[in-house]
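Residue numbers for the sequence shown follow our numbering, beginning at 52 and rising by one.
All C-beta atoms in this analysis are idealised placements derived from N, C-alpha and C, irrespective of residue type, glycine included.
Owing to the predicted nature of the structure, the values given are computational and were not obtained by experimental measurement.
Below is one structure, written out as structure tokens, with a few remarks after it.
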Amino acid sequence: MDTLVSLVLNIINLIFSSIFSFIITYLIILFFIKLFGIWKIKKNKADLKTICPKCGSKSSRVSKNIYDKSRKIFSLNLLNWKKFTCFSCYWEGSRWD
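Have a look at this one:
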């Protein structure tokens, strides 16, 4: 157990020891989000309409706020964040396209 804790602490120390390693880690995380499609909006194959991740019905675009615009900047414009809402289950959230 002590070796596991020391390993985790060493990894955290390695990542946050310099700004260069922090930037590299941030870019790697962004790459994996894009590669594996995490938080990507799902679309219906037949008519390319967006699907709600909660109930599976059609979702619609809504206007962005400043938080959504800053998310796009922090993702270095690699992920095109859009805000969606579902009128069936009242889900509202951001996904990238």
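For residue i, the residue or residues it bridges with in DSSP
i: LYS100; result: Its beta-bridge partners do not exist; DSSP assigns none.
i: CYS140; result: Answer is none; CYS140 lacks a bridge partner.
i: PHE135; result: ARG112 and GLY144
i: LYS91; result: TRP147
Proximity to residue i [Cα-Cα], best of the options
i: SER114; options: GLY144, LEU60, LYS91 and ASP98; result: GLY144
i: ARG112; options: LYS134, ASN95, LYS94 and TYR118; result: LYS134
i: CYS140; options: LYS93, ILE62 and CYS103; result: CYS103
Inter-residue CB distance, residue i and residue j (contact presumed, cutoff 8 angstroms)
i: SER110; j: THR136; result: 6 angstroms
i: SER72; j: LEU78; result: With 8 angstroms as the limit, SER72 and LEU78 do not qualify as a contact, their Cβ atoms being about 11 angstroms apart.
i: TRP236; j: LYS105; result: Not covered by the structure: residue 236. The range shown for the chain is 52 to 148.
i: ILE94; j: LYS100; result: Residue identity differs from the one stated: residue 94 is Lys in this sequence, not Ile. With 8 angstroms as the limit, LYS94 and LYS100 qualify as a contact, their Cβ atoms being about 7 angstroms apart.
Inter-residue spacing [alpha-carbon to alpha-carbon] between residue i and residue j
i: LYS120; j: SER68; result: 30 angstroms
i: ILE75; j: ILE62; result: 14 angstroms
i: SER57; j: PHE87; result: 30 angstroms
i: ASP53; j: VAL59; result: 10 angstroms
i: PHE138; j: LEU55; result: 46 angstroms
inquiry  = So, does the segment 70-84 touch the segment 124-135, judging by three or more C-beta pairs under 8 angstroms?
reply    = yes
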